[in-house]
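Reviewing the structure listed below.
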Amino acid sequence: MPLSISSTEASARAFFAKPFFAVVGASTNQAKFGYKIFAWYAHHDLPATPINPGSPAITVDGTAHATLANISALPAPRETAMSVITPPAVTLKVLEEAKKIGISSVWLQPGTWDDAVVEFAKAPNNFTDVVAGEGGRGHDGWCVLVDGERALKANGKL
């Protein structure tokens, strides 16, 4: 039986309590969820950094947002909540790096996790808040595009 992650509205609110955000897997391709999720942060005027080693910037509504090649380059990782939009094998490596640099809140978008990712994310002392898996209001589980606004409102950020 596959492992699962149980998230709650409280997990989503805690995620958005952080002052900064990173979007790992942000894309310049507007058809991809990596672009749509980063654009969601930009449209909500949230201080989000796109993580994309292959592009110097991601443009949303005419504004170019400089990318970083990896999360280790984030200026304030302990104050940053991280959305992940990568395949499970990449997600696991990103989570290992996130733990090392002190990121404590992660949102694993649908399709980014498998049993190994879940096991690592749920391990004691790895992350304070994990938003992922079944639940939320979308049919594929917790997703910033579907569940983010409610959590933002709960934090007074909308």
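If you count the sequence shown from 1, position 117 lands on 117 in the UniProt record's numbering, and the numbers rise without skipping.
Beta carbons: idealized from backbone N, C-alpha and C, even for Gly.
For residue 83, the enclosing beta strand (DSSP E) covers residues 80–84. Beta-bridge partners assigned by DSSP to residue 113: none are found. Residue pairing from DSSP places residue 50 in a beta bridge opposite 23.
For residue 46, the closest of 144, 19, 109 and 105 by C-alpha to C-alpha distance is 19. Residue burial is scored here from C-beta neighbours: residue 72 has fewer than 16 other C-beta atoms within 10 angstroms and is therefore classed as exposed. Between residue 106 and residue 130, the CB-CB gap stays under 8 Å.
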